[in-house]
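Take any residue in the sequence shown, note its place counting from 1, add 9, and you have its number in our numbering.
Backbone N, C-alpha and C fix where the C-beta goes; we use that ideal spot for every residue, glycine too.
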Amino acid sequence: MSEPTLRDTFGDYLVEIGKKNNEIVVLDADLSSSTRTFKFAKAYPNRFFNMGIAEQNMLGTALGFAISGKIPVVGGFTIFTTGRAWEFIRFACLDNLNFKIITTHGGLVGEDGSTHNSLEDLSLMAALPNLNILIPSDNIELTEILNCTFNTEGPFYVRLPRGAFPKIHQDKYKFCIGKPDIIKEGKDICLIGTGYGSTLALRSANLIEETLKISIKVINFPTIKPIDENSLLKEIKSVKGIVVIEEHNIYCGFGSIIARIVSENVPKTIKIVGINNSFGESGKREVLLNSYGLNVETIIEQIKKII
10 MSEPTLRDTF
20 GDYLVEIGKK
30 NNEIVVLDAD
40 LSSSTRTFKF
50 AKAYPNRFFN
60 MGIAEQNMLG
70 TALGFAISGK
80 IPVVGGFTIF
90 TTGRAWEFIR
100 FACLDNLNFK
110 IITTHGGLVG
120 EDGSTHNSLE
130 DLSLMAALPN
140 LNILIPSDNI
150 ELTEILNCTF
160 NTEGPFYVRL
170 PRGAFPKIHQ
180 DKYKFCIGKP
190 DIIKEGKDIC
200 LIGTGYGSTL
210 ALRSANLIEE
220 TLKISIKVIN
230 FPTIKPIDEN
240 SLLKEIKSVK
250 GIVVIEEHNI
260 YCGFGSIIAR
270 IVSENVPKTI
280 KIVGINNSFG
290 ESGKREVLLN
300 SYGLNVETII
310 EQIKKII
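This is the structure:
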């Protein structure tokens with residue numbers, strides 16, 4: 010049985026958390042059917058605000074809600090929310106407001122059109138102080154991330170895909186912000202993924218071991234910021250090299266963050282698998298992932314360069 014999309018899990022979660030906390034309000038940019046925030050709108054119409062196709066107005070209004078003591082949840086497509094309204098998000102982070110940005114359609118979105126791909130958002134958002142940035146790799150982790158987001162004061166950015174990710178966690182999994190999540194032990198090369206990158210890393214590990222006759226460690230890293238550097242360094246200290254996998258531009262993305270931490274502390278060769286300085290095209294997601302090199306063949310190619 011296939012997994013539900015992460016945006017459906019998000020929509021259902023909003024309804025449940027809205028029942029427990031009357032201070033939560035949800036703002037939308039005329040995309041509630043796509044982001045699944047319509048579920049909250051149906052349950053709590055007086056706490057849902059459709060701001061139209063006007064992301065800056067939406068974020069500005071959310072700032073007012075946060076200042077007045079409400080807990081605003083801002084929904085929308087990833088690139089439009091982070092791109093068009095970045096300055097307003099910056100204000101929220103400047104004042105460290107209790108403010109939750111939860112977007113869908115992160116990364117390569119498929120056939121919606123090339124402009125809808127979001128391959129630059131982590132570069133934009135990671136530059137903002139005070140902001141917590143989280144990317145789930147399946148629905149179990151998403152629920153844990155949402156629990157953390159709504160039970161922790163401060164600004165959060167949670168990046169969701171358009172579709173579903175396969176289950177890679179057990180029901181007992183507990184998310185800990187900033188910590189690496191070890192999903193496979195190994196001693197030679199470490200694959201570090203976030204979001205879909207973790208799915209690809211885990212799916213590729215056994216084939217890589219059989220092909221190259223080496224041992225592969227796989228780390229899922231749901232936290233882009235903040236990162237518990239000591240925990241990360243402990244896990245990668247003994248491996249010979251690292252491959253970071255992200256559904257994002259490799260320039261100033263998650264791999265760049267990992268490379269800085271590693272190079273400053275335990276220097277070793279790092280390769281990054283992601284979008285190589287390119288905008289995304291429109292097309293079937295599976296075709297796009299393969300076209301841009303988010304596949305096991307590219308990972309093996311990068312590992313060969315290390316060893």
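Item to check | C-beta atoms of Ile236 and Gly187 nearer than 8 Å | outcome: For the purposes of this step, residue 236 is identified with residue 227 of the sequence shown, where counting begins at 1. For the purposes of this step, residue 187 is identified with residue 178 of the sequence shown, where counting begins at 1. Yes, these two residues count as a Cβ contact at 8 Å.
Next on the checklist: So within the segment 282–314, which uninterrupted alpha helix (DSSP H) runs reach at least 4 residues, ignoring any that extend past its ends?
Outcome noted: Correct list: 294–300.
Next on the checklist: Taking a contact to mean a Cβ-Cβ separation below 8 Å, would you say Leu169 touches Arg294 in this structure?
Outcome noted: Translated into positions along the sequence shown, residue 169 becomes position 160. Translated into positions along the sequence shown, residue 294 becomes position 285. No, these two residues do not count as a Cβ contact at 8 Å.
Next on the checklist: So, at 6 Å on beta carbons, what are the nonlocal neighbours of Lys249 in its own chain, with the 5 sequence-adjacent residues on each side left out?
Outcome noted: The residue labelled residue 249 in the question sits at position 240 within the sequence shown. So the qualifying residues of the chain are Asp197.
Next on the checklist: Please classify Leu103 as buried or exposed, where buried requires at least 16 other C-beta atoms within 10 Å of its C-beta.
Outcome noted: Here residue 103 refers to the residue found at position 94 of the sequence shown. Looking at its Cβ environment, which holds fewer than 16 other Cβ atoms inside 10 Å, Leu103 is exposed.
Item to check | DSSP-derived helix/strand/coil call for Cys199 | outcome: For the purposes of this step, residue 199 is taken as residue 190 along the sequence shown, with counting starting at 1. Three-state result, Cys199: strand.
Checklist entry - What residue from Ile76, Ala75, Met134 and Leu72 has the CA that sits closest to Ile88's CA? => result On the sequence shown, position 79 is the one that residue 88 refers to. Closest option to Ile88, Cα to Cα, is Met134.
Checklist entry - Under 8 Å, do Ile149 and Lys176 count as touching if we go by C-beta distance? => result In the sequence shown, residue 149 corresponds to position 140, counting from 1. In the sequence shown, residue 176 corresponds to position 167, counting from 1. Contact flag set, yes.
Next on the checklist: Could you check whether Gly195 and Ser224 sit closer than 8 Å to each other, using their CB atoms as the reference points?
Outcome noted: Taking the first residue of the sequence shown as position 1, residue 224 is located at position 215. Taking the first residue of the sequence shown as position 1, residue 195 is located at position 186. It is a contact, given that the beta carbons lie within the stated cut-off.
Item to check | Secondary structure of Asn55, DSSP reduced to three states | outcome: The residue given as residue 55 occupies position 46 in the sequence shown. Residue state, collapsed to three classes: helix.
Item to check | Three-state class that DSSP yields for Asn30 in the structure shown | outcome: Here residue 30 refers to the residue found at position 21 of the sequence shown. Three-state result, Asn30: coil.
Next on the checklist: Tell me which residues share the same chain as Ser127 and place their Cβ nearer than 6 Å to its Cβ, disregarding the 5 neighbours each side in the sequence.
Outcome noted: For the purposes of this step, residue 127 is identified with residue 118 of the sequence shown, where counting begins at 1. Contacts found: Thr87, Ile88 and Gly115.
Checklist entry - Hey, out of Thr124, Gly84 and Gly78, whose CA is closest to Leu106's CA? => result Residue 106 sits at position 97 when you count from the first residue of the sequence shown. Residue Gly78 is the option with its Cα nearest to Leu106.
Checklist entry - Just checking, does the segment 269–283 make contact with the segment 178–193 on the three C-beta pairs under 8 Å criterion? => result Not touching, per the Cβ criterion.
Item to check | Enclosing alpha helix (DSSP H) for Ile205 [first to last residue] | outcome: In the sequence shown, the residue the question calls residue 205 occupies position 196. The amino acid occupying residue 205 in the given sequence is Tyr; Ile does not appear at that position. Where Tyr205 is concerned, the enclosing alpha helix (DSSP H) stretches over Tyr205 to Leu221.
Checklist entry - In whole angstroms, what is the alpha-carbon distance linking Pro145 and Lys222? => result Here residue 145 refers to the residue found at position 136 of the sequence shown. Here residue 222 refers to the residue found at position 213 of the sequence shown. Roughly 30 Å separates the two Cα atoms.
Checklist entry - Does the Cβ-Cβ distance between Leu379 and Glu290 come in under 8 Å? => result Here the chain covers residues 10 to 316 and nothing more, so residue 379 does not appear.
Item to check | Rounded straight-line distance, which links the Cα of Ala136 to that of Glu244 | outcome: On the sequence shown, position 235 is the one that residue 244 refers to. On the sequence shown, position 127 is the one that residue 136 refers to. Here the alpha carbon of Glu244 sits roughly 25 Å from the alpha carbon of Ala136.
Checklist entry - Hey, quick one: how far does the beta strand (DSSP E) through Leu143 stretch, first residue to last? => result One-based indexing of the sequence shown puts residue 143 at position 134. Its beta strand (DSSP E) spans residues Asn141 to Leu143.
Checklist entry - For Gly27 versus Phe49, is the C-beta spacing smaller than 8 Å? => result Taking the first residue of the sequence shown as position 1, residue 27 is located at position 18. Taking the first residue of the sequence shown as position 1, residue 49 is located at position 40. Yes; because the gap between Cβ atoms is below 8 Å, this pair is in contact.
Item to check | Whole-Å CB distance - Asp37 paired with Ile62, under 8 Å assumed | outcome: Within the sequence shown, the letter at position 28 stands for residue 37. Within the sequence shown, the letter at position 53 stands for residue 62. Contact flag wrong, Cβ pair sits at about 10 Å.
Next on the checklist: Just to confirm the assignment, what range does the alpha helix (DSSP H) spanning Thr70 have?
Outcome noted: Within the sequence shown, numbered from 1, the residue matching residue 70 stands at position 61. Run containing Thr70: Glu64 to Ile76, per the alpha helix (DSSP H) assignment.
Checklist entry - Using the C-alpha atoms, what's the distance from Phe174 back to Gly204? => result Position 195 of the sequence shown, counting from 1, holds the residue named residue 204. Position 165 of the sequence shown, counting from 1, holds the residue named residue 174. Cα to Cα, Gly204 sits roughly 8 Å from Phe174.
Next on the checklist: Going by the DSSP bridge assignment, what does Ser127 pair with across the sheet?
Outcome noted: Translated into the one-based positions of the sequence shown, residue 127 becomes position 118. Ser127 pairs with Gly116.
Next on the checklist: Give me, in chain order, the residues of the same chain whose beta-carbon lies closer than 7 Å to that of Phe317; leave out the 5 immediate sequence neighbours on both sides.
Outcome noted: This structure cannot settle anything about residue 317, because the visible part of the chain is limited to 10 through 316.
Next on the checklist: Could you compute how far the alpha carbon of Asn31 sits from the alpha carbon of Glu64?
Outcome noted: Along the sequence shown, read from residue 1 onward, the residue named residue 31 stands at position 22. Along the sequence shown, read from residue 1 onward, the residue named residue 64 stands at position 55. Answer to the nearest angstrom: the Cα atoms are 24 Å apart.
Item to check | Cβ separation of Val253 and Ile201, assumed to be a contact under 8 Å, to the nearest whole Å | outcome: Position 244 of the sequence shown, counting from 1, holds the residue named residue 253. Position 192 of the sequence shown, counting from 1, holds the residue named residue 201. With 8 Å as the limit, Val253 and Ile201 qualify as a contact, their Cβ atoms being about 5 Å apart.
Item to check | Minimum C-alpha distance to Arg56 - residue among Gly69, Ile80, Ile76 and Leu72 | outcome: Locating residue 56 in the sequence shown gives position 47, where the first residue counts as 1. Cα-wise, what sits closest to Arg56 is Ile80.
Next on the checklist: What residue range does the alpha helix (DSSP H) around Thr161 cover?
Outcome noted: Position 152 of the sequence shown, counting from 1, holds the residue named residue 161. Counting along the chain, Thr161 falls outside any alpha helix (DSSP H), and DSSP gives it neither H nor E.
Checklist entry - Would you say Phe108 and Ala71 are within 8 Å of each other, going by their C-beta atoms? => result On the sequence shown, position 99 is the one that residue 108 refers to. On the sequence shown, position 62 is the one that residue 71 refers to. Result yes, Cβ atoms of Phe108 and Ala71 sit closer than 8 Å.
Item to check | Residue burial classification, Gly206 (beta-carbon count within 10 angstroms, cutoff 16) | outcome: Mapped onto the sequence shown, residue 206 falls at position 197. Classification for Gly206: buried.
Item to check | Proximity below 8 Å, CB of Ile98 to CB of Ile111 | outcome: As a working note, residue 98 is residue 89 in the sequence shown. As a working note, residue 111 is residue 102 in the sequence shown. No.
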